[in-house]
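Novice: In the working numbering, the protein residues as written are 8 to 541. Pasting a structure below so you can have a look.
In structure tokens form, the structure reads like this:
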């Protein structure tokens, strides 16, 4: 319970927080006072300082200054529904404070909307640490409490964005009883907010209250960091996870060498000038060498003041730089696996293999006359965000991978599904993988055409007949990437997704289902020819 009181001992107003039940014997009171004193030692800017503590008859209380702010209910009653940026800022602060308490072994134990005080200056404070519970609980019990409290933060964020209580129930303890695994209700952010909510924020708040408990945030800090990343991105397109990535690109480069033999051949030299096509063929086998070559040539042109267009052709880049500099460049790349820990290599290796496979698929799918080299580069650019995630942000990549896996089936959810890669990235990073790829393209200096080619269409957007060469390239490579991504899915989702992708693109690109089948499985076509000849 939270009471607004006037202190008769001094002219001040307080918020008096009491538990749902009082205490009994004197021994319980003494133990409570000791716990409250211990809890007061946990410090964080968003953990409110206790102004007073004690007992009113058999009721223990913690008192806080009324000037700390309004409760969530008071805020919604007296003001308009806050902008998403303000709601996210409040919950980000609360998440960091709660993470600090959890790290110290404490739980609020009954987190309610009135435990969060919102000030006019934008600050948020949690009250109540030490009123209930005690540190040093059994690990499993503590973790269960942590997960419940992070779920409560998600309910508070939902409430601030919607302007009303989830499930029309103010008591979060009652809401928890109605959500899985205890109940069968669900809480999702609707589409009728007072202010627009973008896909990234929607993914964060919906993950926090996900129907499947394993898909929720298991700790307060990842929840707070996702909100922090979203906030930084909303203020600055190169903030949040993008800023972290750009800093690592400057320190460590884009990617490590993955096709060592090809890079060694380039570095060793011996290819005469008339064989530049052969050298470009070797360069495009390795993503790290391809990206660094294009970065280097475009940087050199900008510094020389001769840059009137962006160089995206590897053969032209080799001509402009000269084979000597290309060899030196190849010799200076980081060998595999670069800065990546050996136990995290598999994700990057598989992502690179999928990119190479998609490039092989894109070449026969594209309209006649398109340069295979440009097609392969486009496929690489469309996969760049994913590759950089696995290399530079491996811990976040692990979270994204975990969220994409379908939870175990249950009687209540016989056919559970994981999040899409886009939803998972939003809920972990506060941005999608396209944002990482786009930032890297800016860092590489590859220009507007590369930015356009790198953008895959929205998952649910209809595909129309392409307007011009750039869109034809983009559509063809997007089709190839989506087909290869579908191959990584388990059955029956693999077959369903392949059919859906084929229906989505085939008519716009003038392709038949057989064209797509032959591009995806060329070995089956060869086997059919051999069988006919035999």
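Think of the CB as a built atom: it goes at the ideal place given N, C-alpha and C, for glycine as much as any other residue.
Apply the 10 Å Cβ neighbour rule to residue 343 and answer buried if 16 or more other Cβ atoms are within range, or exposed otherwise.
Specialist: By the 10 Å Cβ count, residue 343 comes out buried.
Novice: Between which residues of its own chain and residue 348 is the CB-CB distance below 8 Å, once the five residues before and five after are set aside?
Specialist: Excluding sequence neighbours, residue 348 sits near 401.
Novice: Can you tell me whether residue 86 is helix, strand or coil according to DSSP?
Specialist: Note: residue 86 maps to coil in three-state DSSP.
Novice: Classify residue 403: buried if its beta carbon has 16 or more other beta carbons within 10 angstroms, exposed otherwise.
Specialist: Result: buried.
Novice: What do you reckon, are the CB atoms on residue 434 and residue 210 nearer than 8 Å?
Specialist: Yes, the pair counts as a contact, with Cβ atoms nearer than the cut-off.
Novice: Using 10 angstroms around the beta-carbon of residue 63, count the other beta-carbons present and answer buried if the total reaches 16, otherwise exposed.
Specialist: Exposed, since its Cβ has fewer than 16 Cβ neighbours within 10 Å.
Novice: Could you pull out every unbroken alpha helix (DSSP H) segment of at least 4 residues lying fully inside the region 347-410, listed in chain order?
Specialist: Fully enclosed alpha helix (DSSP H) runs of 4 or longer: 352-372 and 379-399.
Novice: Using only the alpha-carbon positions, how far apart do residue 192 and residue 484 sit?
Specialist: C-alpha separation (whole angstroms): 41 Å.
Novice: Based on the DSSP output, what are the partners of residue 124 in its beta bridges?
Specialist: Its beta-bridge partners are 78 and 132.
Novice: Hey, how far is the Cα of residue 419 from the Cα of residue 481?
Specialist: Going from the Cα of residue 419 to the Cα of residue 481 covers about 41 Å.
Novice: Considering only their Cβ atoms, is the gap separating residue 494 from residue 501 smaller than 8 Å?
Specialist: In contact: residue 501 and residue 494 (Cβ atoms closer than 8 Å).
Novice: Kindly list the residues whose CB is nearer than 6 Å to the CB of residue 20, restricted to its own chain and excluding five residues on each side of it in sequence; keep chain order.
Specialist: 13 and 73, listed in sequence order.
Novice: Using only CA atoms, which one of 247, 79 and 43 lies nearest to residue 172?
Specialist: Comparing Cα-Cα distances from residue 172 to each of 247, 79 and 43, the minimum goes to 79.
Novice: Take the Cβ of residue 275 as the centre, count every other Cβ of all protein chains shown within 10 Å, and call the residue buried at 16 or more, exposed below.
Specialist: It counts as exposed.
Novice: Would you call residue 243 buried or exposed, if buried means 16 or more other Cβ atoms sit within 10 Å of its Cβ?
Specialist: The residue in question, residue 243, is exposed, as its Cβ has fewer than 16 Cβ neighbours within 10 Å.
Novice: For residue 439, does the count of other Cβ atoms within 10 angstroms reach 16, so buried, or fall short, so exposed?
Specialist: So residue 439 ends up on the buried side.
Novice: Which of helix, strand or coil does DSSP assign to residue 61?
Specialist: Residue 61: strand per DSSP, three-state reduction.
Novice: So what's residue 172 in DSSP terms, helix, strand or just coil?
Specialist: Coil.
Novice: Look at residue 55 and residue 134 and say whether their C-beta atoms are less than 8 Å apart.
Specialist: Going by C-beta atoms, residue 55 is nearer than 8 Å to residue 134.
Novice: Give every residue of the same chain whose Cβ lies closer than 7 Å to the Cβ of residue 520, excluding the five residues on either side of it in the sequence, and list them in chain order.
Specialist: Hits under 7 Å: 509 and 513.
Novice: So residue 247 and residue 160 are in contact, right, with Cβ under 8 Å, and what is the actual spacing, rounded?
Specialist: No, residue 247 and residue 160 are not in contact; Cβ-Cβ is about 19 Å, not under 8 Å.
Novice: On the premise that residue 394 lies in contact with residue 359, defined as a C-beta separation below 8 Å, what is that separation, rounded to the nearest angstrom?
Specialist: The Cβ separation is near 7 Å, so the contact holds.
Novice: Is the beta carbon of residue 100 sitting closer than 8 Å to the one on residue 130?
Specialist: The answer is yes: Cβ separation under 8 Å.
Novice: Please report the distance separating the alpha-carbon of residue 523 from that of residue 372.
Specialist: Spanning the two alpha carbons is a distance of roughly 7 Å.
Novice: Can you tell which of 26, 97 and 503 has the C-alpha that lies nearest to the C-alpha of residue 128?
Specialist: The residue with the shortest Cα to Cα distance from residue 128 is 97.
Novice: At the level of alpha carbons, what is the spacing between residue 204 and residue 117?
Specialist: The alpha-carbon atoms of residue 204 and residue 117 are separated by roughly 29 Å.
Novice: Quick one: what does DSSP say residue 273 is sitting in, helix, strand or coil?
Specialist: Helix at residue 273.
Novice: At a cut of 8 Å, does the region 459-479 reach the region 212-226 through at least three beta carbon pairs?
Specialist: The region 459-479 vs the region 212-226: no contact.
Novice: On the DSSP bridge assignment, give the partners of residue 13 in chain order.
Specialist: Partner(s): 20.
Novice: Short of 6 Å in beta carbon distance, which residues of its chain neighbour residue 346, apart from the five on each side in sequence? Order them along the chain.
Specialist: Only 259 meet the Cβ criterion.
Novice: Name the DSSP bridge partner or partners of residue 70?
Specialist: Answer is 23 and 59.
Novice: Taking residue 308 as part of the alpha helix (DSSP H), name the residues at either end of that continuous run.
Specialist: It spans 294-311 - the alpha helix (DSSP H) in which residue 308 sits, taken as one unbroken run.
Novice: In its own chain, which residues sit with a C-beta less than 8 Å from the C-beta of residue 252, not counting the 5 before and 5 after it?
Specialist: Correct list, in chain order: 395, 399, 400, 443, 446 and 447.
Novice: Using the DSSP secondary-structure output, state which residues sit across from residue 196 in a beta bridge.
Specialist: Per DSSP, none; premise fails for residue 196.
Novice: By DSSP, does residue 496 sit in helix, in strand, or in coil?
Specialist: In the structure shown, residue 496 sits in coil (DSSP, three-state: anything other than H, G, I, E or B).
Novice: Tell me the rounded alpha-carbon separation between residue 18 and residue 58.
Specialist: Going by the C-alpha atoms only, they are around 14 Å apart.
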